[in-house]
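*Asks:*
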Amino acid sequence: MVAFSARQAVSAASPLLDSIGKDLPLDAVSTGTLGMLPTAGFALVGFLALPLVRRIQLEHLLLVALLLTTLGQVGRALGWTTLVFLAFTWIAMLGIGMVNIVVPPLLMKYFPKRIGLLSALHVTLLGVSTAIAAQCATPFANLYGWRLSVGIWAGFSAVAALPWLMVLAGKWKGERSAKPISRDPPAPPDRAIKPWRSSVGWGMALIFAGCSSNTFAALMWLPAVFVDRGMSGETAGSMLALYSIIGLPVGLIAPLVVARMPRPMPIAVLFVVAFAIGYAGIVFAPPASGVVWVVVAGLGQGAYSFAFTMINKRSRTEAGSGALSGFAQGVGYALAGIGPLLFGLLHQPGDNWLPSFSMLGAWLLVLTAGAIMINKPRCLDDVRQTGTPEHQAPRLRIK
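Number 9 in our numbering belongs to position 9 of the sequence shown; there are no gaps in the numbering.
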């Protein structure tokens with residue numbers, strides 16, 4: 001339920017830019033800012049993750065995240081100025097960013113023997129929610145107006161909080177069944193885990209930067225690209241929904257495959273190639289064949305499930321998972337934030353969006369560099385616990 005509610009705020013607004021623009025003036029800068037807010041929010045929360053996780057229980061952080069997501073979506077639906085609309089969108093993105101950070105260590109805590117399966121389920125439901133929100137945005141707006149179309153999804157994040165309230169109620173009552181049984185070795189002190197001193201940490205950050213800049217630029221601008229090439233707004237929204245749906249099968253399969261591979265570099269390369277081929281088709285092929293190239297580019301979204309799974313694959317403990325998750329997503333999303341903004345600013349009438357997609361191609365090289373850095377089987381916790389250089393750290397044993 002958390003995963004299903006954690007992407008709708010991202011994809012629900014981009015198909016409605018024309019409708020929103022009739023009430024709220026949206027120029028190129030404000031539209032680019034809107035596209036930049038998801039990665040900027042995710043980055044800020046990532047930088048705050050280490051002190052937050054050290055002081056506050058993961059379950060409490062998750063409830064705060066769901067509250068912020070709900071509040072942000074309701075507030076932007078009621079937004080009476082462009083600034084208010086953007087401010088509440090920012091609040092929603094902060095909530096979603098916090099969800100991104102706390103879910104990997106929560107999976108490590110509650111499902112240590114089912115990391116691959118639960119990661120696959122989580123990423124798949126992210127894709128489902130993204131696709132549904134994008135597909136329903138224009139029909140809902142035509143029937144009830146854009147405000148209800150962007151605000152209705154707040155109900156899902158509110159409902160997602162209910163099971164976690166029950167979990168915490170069980171903890172408060174001291175119910176043994178609500179407490180996870182951990183068979184992991186004791187976690188090292190958080191201060192001993194410094195992902196910024198490890199190539200694992202920086203490699204993960206580059207992967208998140210590369211895949212997120214591509215994914216969020218597409219979520220923000222893909223409908224505009226196809227409208228510019230002659231499609232109707234509703235058809236362009238369907239293209240975005242198709243792009244999101246195609247990410248589902250790879251999002252489901254990739255974590256299960258990656259969890260069994262000591263060196264998963266080939267999987268990362270496949271996603272990079274899919275992005276590149278899809279972009280080339282979108283730019284150079286006739287618009288009538290757009291469906292084919294959206295499908296190919298959509299396969300590249302498996303890079304996110306790859307990154308999400310590798311957080312727990314390159315850490316052994318909750319502390320290590322939380323530290324790696326926060327650092328990688330904080331730095332990665334901070335770098336990726338310029339992707340959606342530059343995508344719009346680089347476009348000039350008549351250039352067929354080639355400069356914009358070329359910029360995304362550069363981010364694919366960043367993704368590839370990160371995948372090379374984390375390909376060697378080793379864990380962040382091992383390096384920080386022993387204090388040994390990374391090339392001498394214990395090898396990760398793949399079960």
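Note that beta-carbon positions come from the ideal geometry of N, C-alpha and C, so glycine has one too.
Which residue from Ala369, Leu222, Ala92, Val128 puts its Cα closest to that of Val294?
*Replies:* Walking along the sequence shown from the start, residue 294 turns up at place 294. Of the candidates Ala369, Leu222, Ala92, Val128, the one whose C-alpha sits nearest the C-alpha of Val294 is Leu222.
*Asks:* For a test of the three-state rule: what should DSSP assign to Arg378, helix, strand or coil?
*Replies:* Counting from one through the sequence shown, the residue named residue 378 turns up at place 378. Strand at Arg378.
*Asks:* If Gly116 and Ile91 are in contact, beta carbons under 8 Å, what's the gap, nearest whole angstrom?
*Replies:* Position 116 of the sequence shown, counted from the first residue, corresponds to residue 116. Position 91 of the sequence shown, counted from the first residue, corresponds to residue 91. Not a contact, Cβ separation roughly 33 Å.
*Asks:* Can you list, in chain order, the residues of its chain whose CB lies under 6 Å from that of Leu206, leaving out five sequence neighbours each side?
*Replies:* The residue given as residue 206 occupies position 206 in the sequence shown. Hits under 6 Å: Val366, Ala369, Gly370.
*Asks:* Could you check which residue in Gly79, Leu121, Leu86, Arg114 has the C-alpha nearest to that of Ile253?
*Replies:* Here residue 253 refers to the residue found at position 253 when the sequence shown is read from its first residue. With distances taken between Cα atoms, Ile253 lies closest to Leu121.
*Asks:* Tell me the residue span of the alpha helix (DSSP H) that contains Arg76.
*Replies:* One-based indexing of the sequence shown puts residue 76 at position 76. Start and end: 58–78.
*Asks:* Quick one: is Val291 buried, meaning 16 or more other Cβ sit within 10 Å of its Cβ, or exposed?
*Replies:* The residue given as residue 291 occupies position 291 in the sequence shown. With fewer than 16 Cβ atoms within 10 Å of its Cβ, Val291 is classed as exposed.
*Asks:* What residue from Pro377, Leu37, Cys136 has the CA that sits closest to Arg260's CA?
*Replies:* Translated into positions along the sequence shown, residue 260 becomes position 260. Out of Pro377, Leu37, Cys136, Pro377 has the C-alpha closest to the C-alpha of Arg260.
*Asks:* Need the endpoints of the alpha helix (DSSP H) that Lys313 sits in, please.
*Replies:* To locate residue 313, count along the sequence shown from 1; it is residue 313. Note, Lys313: alpha helix (DSSP H), 302–313.
*Asks:* Could you tell me the boundaries of the alpha helix (DSSP H) in which Asn352 lies?
*Replies:* The sequence position of residue 352 within the sequence shown is 352, counting from 1. Asn352 -> no alpha helix (DSSP H), and no H or E assigned at all.
*Asks:* Do you know how far the Cα of Val227 is from the Cα of Ala49?
*Replies:* As a position in the sequence shown, residue 49 is number 49, starting the count at 1. As a position in the sequence shown, residue 227 is number 227, starting the count at 1. Going by the C-alpha atoms only, they are around 39 Å apart.
*Asks:* Could you check the C-alpha separation between Ser216 and Leu125 for me, to the nearest Å?
*Replies:* Translated into the one-based positions of the sequence shown, residue 216 becomes position 216. Translated into the one-based positions of the sequence shown, residue 125 becomes position 125. A small fix is needed here, since residue 216 is Phe in this sequence, not Ser. Whole-angstrom Cα-Cα distance: 17 Å.
*Asks:* Span of the alpha helix (DSSP H) holding Ala131?
*Replies:* Your numbering for residue 131 matches position 131 in the sequence shown. Where Ala131 is concerned, the enclosing alpha helix (DSSP H) stretches over 115–144.
*Asks:* Output needed for Val404: all residues of its chain with C-beta closer than 7 Å, excluding positions within five of it in sequence on either side, in chain order.
*Replies:* Past the edges of the chain, shown from 1 to 399, lies residue 404, and the structure says nothing about it.
*Asks:* Can you tell me which of Val102, Ser244, Phe88, Gly330 puts its alpha carbon nearest to the alpha carbon of Ile132?
*Replies:* Within the sequence shown, the letter at position 132 stands for residue 132. Taking only the C-alpha atoms, the option nearest Ile132 is Ser244.
*Asks:* What are the boundary residues of the alpha helix (DSSP H) that Pro195 is part of?
*Replies:* As a working note, residue 195 is residue 195 in the sequence shown. Per DSSP, Pro195 belongs to no alpha helix (DSSP H) and is neither H nor E.
*Asks:* Can you tell me where the alpha helix (DSSP H) holding Val258 begins and where it ends?
*Replies:* In the sequence shown, counting from the first residue as 1, residue 258 sits at position 258. Per DSSP, Val258 belongs to the alpha helix (DSSP H) from 233–258.
*Asks:* Do the segment 136–155 and the segment 232–246 meet, that is, are 3 or more Cβ pairs less than 8 Å apart?
*Replies:* Touching, yes, given that three or more Cβ pairs across the two stretches are closer than 8 Å.
*Asks:* To the nearest angstrom, how far is it from the Cα of Gly127 to the Cα of Lys194?
*Replies:* As a working mapping, residue 127 is identified with position 127 in the sequence shown. As a working mapping, residue 194 is identified with position 194 in the sequence shown. Roughly 31 Å separates the two Cα atoms.
*Asks:* Exposed or buried, what is Met166 when buried is set at 16 or more other beta-carbons lying within 10 Å of its beta-carbon?
*Replies:* Position 166 of the sequence shown, counting from 1, holds the residue named residue 166. Exposed, since its Cβ has fewer than 16 Cβ neighbours within 10 Å.
*Asks:* Using the C-alpha atoms, what's the distance from Leu67 back to Leu58?
*Replies:* As a working mapping, residue 58 is identified with position 58 in the sequence shown. As a working mapping, residue 67 is identified with position 67 in the sequence shown. If I take the Cα positions, the gap works out to 14 Å.
*Asks:* Can you give the Cα-Cα distance for Leu118 and Ala303, rounded to whole angstroms?
*Replies:* Against the sequence shown, residue 118 aligns to sequence position 118. Against the sequence shown, residue 303 aligns to sequence position 303. Each residue's Cα considered, the two are about 17 Å apart.
*Asks:* Pick from Met373, Leu335, Thr130, Gly41: whose alpha carbon is nearest that of Pro15?
*Replies:* Counting from 1 along the sequence shown, the entry for residue 15 is found at position 15. Per the Cα distances, Thr130.
*Asks:* Using only the alpha-carbon positions, how far apart do Phe156 and Met1 sit?
*Replies:* Indexing the sequence shown from 1 puts residue 156 at position 156. Indexing the sequence shown from 1 puts residue 1 at position 1. Looking at the two C-alpha atoms, the distance is approximately 8 Å.
*Asks:* Which of the three DSSP states is assigned to Phe111 in this structure?
*Replies:* To locate residue 111, count along the sequence shown from 1; it is residue 111. The answer is coil: DSSP assigns Phe111 none of H, G, I, E or B.
*Asks:* According to DSSP, is Leu26 part of a helix, a strand, or is it coil?
*Replies:* Numbered from its first residue, the sequence shown carries residue 26 at position 26. In the structure shown, Leu26 sits in coil (DSSP, three-state: anything other than H, G, I, E or B).
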